[in-house]
Amino acid sequence: MANSPQAKKRARQNETRFQINKARRSRIRTFLRKVEEAIASGDKDAASAALKAAQPELMRGVTKGVFHKNTASRKVSRLASRVKALG
Numbered sequence: 001m002a003n004s005p006q007a008k009k010r011a012r013q014n015e016t017r018f019q020i021n022k023a024r025r026s027r028i029r030t031f032l033r034k035v036e037e038a039i040a041s042g043d044k045d046a047a048s049a050a051l052k053a054a055q056p057e058l059m060r061g062v063t064k065g066v067f068h069k070n071t072a073s074r075k076v077s078r079l080a081s082r083v084k085a086l087g
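At position 40 of the sequence shown the residue is numbered 40 (full-length UniProt numbering), and the sequence of numbers has no breaks.
As structure tokens, then:
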């Protein structure tokens with residue numbers, strides 16, 4: 001357990017950041033799930049619209065430190081190729 005005032009403050013800050021990052025990660029996963037569902041339904045227009053909405057969210061997660069840049073780029077790339085493959 002934290003004893004010094006500095007350690008106590010860091011513990012508080014860590015908990016706050018954890019909650020914020022958890023919410024942001026959940027929000028991003030929701031956007032990704034919407035893209036996955038649109039791809040599964042076979043609706044190219046809905047899938048591309050969902051991807052356009054998900055892309056900025058993913059990249060925002062990168063700037064906020066939730067995801068690594070390469071991870072987000074990989075996810076966007078794979079989803080884009082799957083959307084493009086829809087006939």
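Glycine residues also receive a C-beta, built at the ideal position from the N, C-alpha and C atoms.
Could you tell me which of the options sits nearest to residue i, measuring between CA atoms?
i     : options                       : result
Arg27 : Pro56, Ala38, Thr16 and Ile39 : Pro56
Val66 : Asn14, Ala11 and Arg24        : Arg24
Leu58 : Ser77, Ser81 and Gln13        : Ser77
Val83 : Asn70, Phe18 and Ala54        : Ala54
How many Å lie between residue i and residue j at the Cα?
i     : j     : result
Ser73 : Arg60 : 12 Å
Thr16 : Lys9  : 11 Å
Met1  : Lys69 : 34 Å
Leu79 : Thr63 : 20 Å
Which two residues bound the contiguous alpha helix (DSSP H) that contains residue i?
i     : result
Val66 : No alpha helix (DSSP H) contains Val66, which DSSP labels as neither H nor E.
Ser4  : Neither: Ser4 is in no alpha helix (DSSP H) and is coded neither H nor E.
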